[in-house]
Amino acid sequence: MATLSASRRLVVKIGSALLVDRDSGQLRAGWLAGLATDVAAIKARGTDVILVSSGSIALGRAALGLDQDVLALEQSQAAAAVGQIRLARAYEEALAPHRLTTAQVLVTLEDSADRRRYLNSRATLEQLLRLGTVPIVNENDTVATDEIRFGDNDRLAAQIAVSVGADTLVLLSDVDGFYDCDPRLNKDAQRYDIIDKITPETEAMAGDVGSGLSKGGMKTKLMAAKTATAAGCALAITEGSAMRPLSALENGAPATWFTAQGDPHTARKRWIAAMKPKGEIDVDTGAALALAKGKSLLPAGVIGVSGNFGRGDPVVINGPAGSIGQGLSRYTSAEAVSIKGRQSSDIEGILGYPGRAALIHRDDMAI
7 MATLSASRRL VVKIGSALLV DRDSGQLRAG WLAGLATDVA AIKARGTDVI
57 LVSSGSIALG RAALGLDQDV LALEQSQAAA AVGQIRLARA YEEALAPHRL
107 TTAQVLVTLE DSADRRRYLN SRATLEQLLR LGTVPIVNEN DTVATDEIRF
157 GDNDRLAAQI AVSVGADTLV LLSDVDGFYD CDPRLNKDAQ RYDIIDKITP
207 ETEAMAGDVG SGLSKGGMKT KLMAAKTATA AGCALAITEG SAMRPLSALE
257 NGAPATWFTA QGDPHTARKR WIAAMKPKGE IDVDTGAALA LAKGKSLLPA
307 GVIGVSGNFG RGDPVVINGP AGSIGQGLSR YTSAEAVSIK GRQSSDIEGI
357 LGYPGRAALI HRDDMAI
């Protein structure tokens, strides 16, 4: 069974009902301080941590005096604009005593649906993690509409976990796991400790009940579990109201663990290899040998470009002896033609703007 102690890259989703007091609309600062202590301890052992946090609308509606239960879209967007500042500041103040730097990342569904934007957001998160920060991710409710929004941060957290190749995702919720029926309606409901495979019978057990401040119910958590586990990421659902919720989970608090199907690295490679290519890139012998050793593809090793592809599109990589793999290009076909055979330091002078050193990064390649 997956455990937090074995995790190398952890994504934690925090629901509004945990972060914001429902009656007063105020931040639960003591609870957030406990979470920050947990995050600091986990990072100290070398684990990357990303927090996907709800709460901007809940904080903003209290600041604006919007008391009604259901807000109009424009009211939600206004509340998010006010609340996002408060949410980011709260995390910054909670993590600062542990000498941890926070970063705010706001995304929409379009950022994962569009491959170019997906790669850009993934590259940003990877860089933030390399720099040792704790990214705080939230859906950009200020501009999101019903047509483009994730709809809940359970699904968003799963998408982020897949994007960054996380091996563990924890959903801190107001329920302590997945039950065969709603435990609030049936006292005989049974919680599952481990679910190895999500079946139609499992899906039929999921209700659709959330708390007053949150949008997500058990159905959305199950959707998140399907997304995460298929990409090699284990997922836990646990009740998060304890003052040190991640420590509580590590120490045996009730939870349901969904088993990862393989590992994130292998799952991503399969996904890239299965894509329909939009073009081809031919490389020389030196580049082919470097790719076989797990290196990224630099422009200097490229001797030919064919097809019409954009940034983020899949392309076949050909060596002297034939096809050696497939990857996602960080440049358009026209840009690739311009920089092929050139040193990475020449890219800015050729294209007129700074570019990434690799034409195809090793993480975006299936050899």
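Per this note's numbering: the sequence shown = residues 7 to 373.
Quick reminder that beta carbons are idealized off the backbone N, C-alpha and C, glycines included.
Other residues of its chain near S302: CB distance less than 6 Å, five sequence neighbours each side excluded: The count along the sequence shown starts at 1 and reaches residue 302 at position 296. Within the same chain, S302 has close Cβ partners A364, H367, R368.
For K19: DSSP bridge partner residues: In the sequence shown, the residue the question calls residue 19 occupies position 13. Per DSSP, V58, L177.
Test item: CB-CB of L72 and A85 under 8 Å: Position 66 of the sequence shown holds residue 72. Position 79 of the sequence shown holds residue 85. Contact: yes.
Segment limits, alpha helix (DSSP H) that includes I166: Taking the sequence shown and counting its residues from 1, one reaches residue 166 at position 160. Element bounds for I166: 159–170.
For D352, three-class secondary structure by DSSP: Reading the sequence shown from its first residue, position 346 is the one you call residue 352. Helix at D352.
Cα-Cα separation between V17 and T235, rounded to whole angstroms: On the sequence shown, position 11 is the one that residue 17 refers to. On the sequence shown, position 229 is the one that residue 235 refers to. Each residue's Cα considered, the two are about 13 Å apart.
I243, DSSP secondary structure in three states: Taking the sequence shown and counting its residues from 1, the one referred to as residue 243 is at position 237. Strand at I243.
Cβ neighbour criterion (16 or more within 10 Å) applied to D173: Within the sequence shown, the letter at position 167 stands for residue 173. Under this definition D173 is a buried residue.
For V308 and K19, the rounded distance between their alpha carbons: Reading the sequence shown from its first residue, position 13 is the one you call residue 19. Reading the sequence shown from its first residue, position 302 is the one you call residue 308. One C-alpha to the other measures close to 42 Å.
CB of Q332 within 8 Å of CB of P270, strictly: Against the sequence shown, residue 332 aligns to sequence position 326. Against the sequence shown, residue 270 aligns to sequence position 264. No.
Close beta carbons around D290, own chain, < 6 Å, minus the five adjacent residues each side: Numbered from its first residue, the sequence shown carries residue 290 at position 284. G307, I309, listed in sequence order.
CB of T107 within 8 Å of CB of I142, strictly: Here residue 107 refers to the residue found at position 101 of the sequence shown. Here residue 142 refers to the residue found at position 136 of the sequence shown. No.
Cβ contact (3+ pairs, closer than 8 Å) linking the region 182–198 and the region 46–62: no
Distance, D160 Cα to T130 Cα: Taking the sequence shown and counting its residues from 1, one reaches residue 130 at position 124. Taking the sequence shown and counting its residues from 1, one reaches residue 160 at position 154. Spanning the two alpha carbons is a distance of roughly 21 Å.
Cα-Cα separation, P260 to A296: Counted from its first residue, the sequence shown places residue 260 at position 254. Counted from its first residue, the sequence shown places residue 296 at position 290. C-alpha separation (whole angstroms): 47 Å.
Among S253, S169, Y185, S247, the one whose alpha carbon lies nearest that of R128: Along the sequence shown, read from residue 1 onward, the residue named residue 128 stands at position 122. The shortest C-alpha separation from R128 is found at S169.
Under the three-state DSSP convention, the category R197 falls into: Here the question's residue 197 lines up with position 191 in the sequence shown. DSSP places R197 in strand when its eight states are reduced to three.
Residues of its chain near W37, where Cβ-Cβ distance is below 7 Å and the 5 sequence neighbours each way are ignored: In the sequence shown, the residue the question calls residue 37 occupies position 31. Within the same chain, W37 has close Cβ partners L24, M249.
I309 - containing alpha helix (DSSP H), residue span: Numbered from its first residue, the sequence shown carries residue 309 at position 303. First-last for I309: 308–313, but that is the beta strand (DSSP E), not the alpha helix (DSSP H).
L334 beta carbon less than 8 Å from that of I278: On the sequence shown, position 272 is the one that residue 278 refers to. On the sequence shown, position 328 is the one that residue 334 refers to. Yes, Cβ-Cβ distance for I278 and L334 is below 8 Å.
Backbone secondary structure at Q389 - three-state DSSP: It is not possible to answer for residue 389, since the shown part of the chain is limited to 7 through 373.
Sub-8 Å separation of A230 and L177 beta-carbons: For this step, residue 230 is matched to residue 224 along the sequence shown. For this step, residue 177 is matched to residue 171 along the sequence shown. Contact: yes.
Straight-line Cα distance separating G40 from L93: As a position in the sequence shown, residue 93 is number 87, starting the count at 1. As a position in the sequence shown, residue 40 is number 34, starting the count at 1. Taking the straight line joining both Cα atoms gives about 16 Å.
Reduced DSSP category for I278 - H, G, I as helix; E, B as strand; rest coil: Position 272 of the sequence shown, counting from 1, holds the residue named residue 278. Three-state result, I278: helix.
Beta carbon of Y337 nearer than 8 Å to that of I330: Mapped onto the sequence shown, residue 337 falls at position 331. Mapped onto the sequence shown, residue 330 falls at position 324. The answer is no: Cβ separation not under 8 Å.
Close beta carbons around T265, own chain, < 8 Å, minus the five adjacent residues each side: Here residue 265 corresponds to residue number 259 of the sequence shown, with the count starting at 1. So the qualifying residues of the chain are M7, A8, I200, I201, D202, K203, T235, A240.
Helix, strand or coil at M249 according to DSSP, with G and I counted as helix: Residue numbering aside, residue 249 sits at position 243 when the sequence shown is read from its first letter. Looking at M249 - three-state DSSP - the assignment turns out to be coil, as it is neither helix nor strand.
Exposed unless 16 or more other CB atoms sit within 10 angstroms - verdict on G31: The residue given as residue 31 occupies position 25 in the sequence shown. When all chains shown are included, G31 counts as buried.
Residue of L228, E209, E145 minimising C-alpha distance to L175: What you label residue 175 is simply residue 169 of the sequence shown in a count that begins at 1. Comparing Cα-Cα distances from L175 to each of L228, E209, E145, the minimum goes to L228.
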